[in-house]
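In the UniProt record's numbering, the protein residues as written are 1 to 429.
Dropping the structure here:
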């Protein structure tokens, strides 16, 4: 069934917040069709193209790179959904999509700050334990505490206004896809699969647009923010960069760009990504809620059936009984790990390297896509550039962040200095 409380407040519910049942299963089935390992392997050329385009935007620049990372991840997810790349002529679509997605995150972030200020004493009391009573998703907060839908904080009006615009845009894009399909000029994609299976799956236009919004939101921000964290952290760790440069020079060379096939031969690049996911996970302190199916007792806590449970991801990632000096950024922790991120995430909880993608049935369905995007983005970034603190500027502050649905670094600027003469030649080829 749809999540009625969040629908009333936000006019939208994320897949991660649907109640278990036939409706959740059919929506999850559609997402898995788009985000399975096999599907993501078919997206490899697209991911490489968009990652190279991002490198072009960063060439010899001194900027905050998050906007460029957003443009790249948006390009991937748009093509996955509609089978068509966003070109320069689509700049208005890009602008509108980014605006609606990021405005949604902003209004939820404001709501969260309001809630945290109200319940801060209780959160501070619980934050060092395993269980907490709030989450980084406003939808989840509202469903955990339904009375919040009545608070006169302007959330409902602003959120619905944003979502109305968001729905209008996704409808326009889907209608254009339908027209193109009639003309026989579409490519295999999520929109085509949905169009062919709407009647069979019993979903309507509202479900379709809700799903597209979920895919855009989930596919855009977490990967872009992780790449932004990677960049900020690397700017402060030149020795880590030097080791990555040496690995890339040895295994890839300077006469070609790295590609997805190089991943197995670049263990230090993989280790950097995994350590960032542990050290500064995009979901941040908390994760999406789960629900107990029966009464239980854990370490003296009585947990009634149907209780929403949210895990303190930050506490798990900073557990000193598992990690030596967990507050330090140290990619060597993962240098010997050969499992893929999805394989590790589906393994025993005690052996998992991080909890950034959740767990169980509500694990992030985009984990394969995220792994591919993060690898290509990081490998190309380090093949192409030395990342340095802006001359005369402030170093990125990686110990503070902006709270919201995702935990993003505070705005910063760094310089992207081409490493060698082949960089310009190959990324602009």
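The beta-carbon is built from N, C-alpha and C at its ideal position, and this holds for glycine as well.
**Beta-carbon contacts of residue 267 that lie in its chain and below 7 Å, excluding the five residues immediately before and after** = So the qualifying residues of the chain are 335.
**Prompt:** So what does DSSP say about residue 419, is it helix, strand or coil?
**Reply:** coil
**Request:** Inspect the CB distances between the segment 195–207 and the segment 236–251 and report whether three or more fall short of 8 Å.
**Result:** no
**Message:** Less than 8 Å between C-beta atoms, sequence neighbours within five positions excluded: which residues of the same chain meet that for residue 275?
**Reply:** Taken in chain order, the residues that qualify are 329, 330, 331, 333 and 334.
**Message:** Taking the beta carbon of residue 78 as the centre, do at least 16 other beta carbons fall within 10 Å, making it buried, or is it exposed?
**Reply:** Counting other Cβ atoms within 10 Å of its Cβ, residue 78 reaches 16 or more and is therefore classed as buried.
**Message:** Just list the residues that DSSP pairs residue 388 with in beta bridges.
**Reply:** The beta-bridge partner set that DSSP reports for residue 388 consists of 415.
**Message:** Taking DSSP's pairing of strands, which residues face residue 170 in a bridge?
**Reply:** DSSP, once it has assigned bridges, lists no residue as partnering residue 170.
**Message:** In whole angstroms, give me the CA-to-CA distance for residue 419 and residue 338.
**Reply:** 28 Å
**Prompt:** Between residue 229 and the rest of its own chain, which residues show a CB-CB distance below 7 Å, the 5 nearest in sequence each way excluded?
**Reply:** 276, 280 and 409
**Prompt:** Any idea if residue 302 is buried or exposed, counting beta-carbon neighbours within 10 angstroms, 16 or more meaning buried?
**Reply:** exposed
**Item:** Per-residue DSSP class, three states only, for residue 291
**Value:** strand
**Prompt:** When burial is assigned at 16 or more other CB atoms within 10 Å of the CB, is residue 421 buried or exposed?
**Reply:** exposed
**Asked** In angstroms, rounded to a whole number, what distance separates the CA positions of residue 359 and residue 345?
**Response** 7 Å
**Assigned secondary structure, residue 226 (DSSP; H/G/I helix, E/B strand, else coil)** = helix
**Asked** CB-CB under 7 Å to residue 251, same chain, minus the five flanking residues each way: which ones, in chain order?
**Response** 262, 265 and 266
**Item:** Assigned secondary structure, residue 302 (DSSP; H/G/I helix, E/B strand, else coil)
**Value:** strand
**Message:** Which same chain residues end up closer than 6 Å to residue 50 when comparing Cβ atoms and leaving out the 5 residues on each side of it in sequence?
**Reply:** Here the set comprises 72, 75 and 76.
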